[in-house]
Amino acid sequence: MKRLTPSTIRSFRRKVYDHYRKQGRDLPWRKTDDPYHILVSEIMLQQTQVERVTGKYREFLRAFPNLASLARAPLARLLRIWSGMGYNRRALSLKRLAQQVVAGHQGKLPADPAELIKLPGIGPYTAGAVAAFAFNKPVVVMDTNIRRVFIHEFFQDKKGVRDVDILPLVEETLDRKHAGRWYNALMDFGAMLKSKEGNPNRRSAHYTRQSPFENSNRQVRGRILKALVGGEPLTGPQITKAVGMDREQVKKNLAQLGKEGFIKKVGRTYVII
DNA sequence: GTCCGGGTAT
DNA sequence: ATACCCGGAC
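Shown next, in the form of structure tokens:
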């Protein structure tokens with residue numbers, strides 16, 4: 001494992017903060033300290049580029065300004081607002097999270113990552129990000145932008161770089177007194193590297209290509225939910241027609257969406273729960 | 001049309 | 001290890 005000298009750490013921090021001062025992005029979720037707002041932004045950013053999240057973030061918070069309003073929101077309305085974001089499962093998780101926090105945490109998000117990670121839809125990254133951005137906790141966080149920065153800076157000619165080898169460097173270089181600001185700066189630096197110098201993340205051991213989207217279950221699921229978010233109950237054949245894809249595949253995905261808690265069958269029709 | 005990104009759950 | 005989503009770049 002690589003160790004950093006104090007002077008390497010100093011100049012690295014200076015470089016990252018210099019970039020942040022000059023080119024840091026002015027993003028809406030950086031102007032709030034409401035943990036719920038920050039959580040919403042992080043869930044959205046898991047799956048969508050920054051430019052497309054900003055508008056949706058505002059629309060979402062206008063519709064669901066706090067955890068209590070999200071907890072009692074009808075799922076169909078939530079999915080309508082979520083549409084265009086992809087990964088509907090995360091909207092469902094977010095609603096379940098809101099219900100749990102309202103019922104069991106006095107309506108307040110916990111600040112401890114070990115507690116956050118127990119909530120649905122929150123994994124290691126989001127637990128750390130909320131702890132750092134909403135509560136300024138000096139936790140170690142790894143995401144694609146952070147990974148890119150460290151591979152670019154400290155694993156220059158290496159291939160198959162593992163996160164396990166990067167994490168100690170994230171910890172060593174962390175600005176512990178200003179964790180939130182530091183991670184904002186780090187992520188902006190990483191975003192800049194993507195556009196300027198190709199993508200160092202291809203040298204990550206965790207880099208994978210995704211499978212094709214066309215005719216995939218993902219596409220079928222998306223279309224099924226899109227057909228149902230209007231709120232009108234539809235029969236199996238009506239859904240198959242709306243989706244315009246293989247009937248057996250539609251049936252299989254209807255069953256799966258039922259199991260996950262998106263939809264239920266009412267007589268011969270399906271509706272969003 | 002083809003390629004691409006990206007945490008979490010299982 | 002693999003599934004989940006959609007829109008933007010080309």
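Position 254 of the first sequence, counted from 1, bears residue number 254 in this note's numbering, the numbering being contiguous throughout.
Even for Gly, the Cβ is constructed at its ideal location relative to N, Cα and C.
query: 7 angstroms Cβ cutoff met for I97 and P120; result: Inspection of the sequence shows that residue 97 is occupied by Leu rather than by Ile. Yes, these two residues count as a Cβ contact at 7 angstroms.
query: Three-state class that DSSP yields for I117 in the structure shown; result: coil
query: Cβ distance (whole Å) where I239 is taken to contact L254 below 8 angstroms; result: 7 angstroms
query: Stretch pair the segment 168-182 + the segment 59-78: three plus CB contacts closer than 8 angstroms; result: no
query: Through-space distance from R268 to L225, alpha-carbon basis; result: 17 angstroms
query: Short Cβ contact (7 angstroms threshold) for P124 with L116; result: no
query: Option nearest N66 by Cα separation, candidates K95, Y36, G55 and R90; result: Y36
query: Alpha-carbon spacing of V101 relative to Q47, whole angstroms; result: 23 angstroms
query: Residues of its chain near R90, where Cβ-Cβ distance is below 6 angstroms and the 5 sequence neighbours each way are ignored; result: I43 and G121
query: Best match in K31, K251 and G190 for proximity to S145 [C-alpha to C-alpha]; result: The sequence as given places Asn at residue 145; Ser does not occur at that position. Residue G190 is the option with its Cα nearest to N145.
query: Contact between the segment 48-55 and the segment 146-154 (3+ Cβ pairs under 8 angstroms); result: no
query: Span of the beta strand (DSSP E), counted from its first residue to its last, around Y270; result: T269 to I272
query: Contact belief for G231 with A132 at Cβ below 8 angstroms, rounded distance in angstroms; result: So it is not a contact: roughly 39 angstroms between Cβ atoms.
query: Opening and closing residue of the beta strand (DSSP E) in which I122 lies; result: Premise fails: I122 is in no beta strand (DSSP E) and is neither H nor E.
query: Alpha-carbon spacing of P274 relative to K194, whole angstroms; result: Residue 274 falls outside the range modelled here, since the chain spans only 1 to 273, and no answer is possible.
query: Beta carbon of P113 nearer than 7 angstroms to that of G128; result: yes
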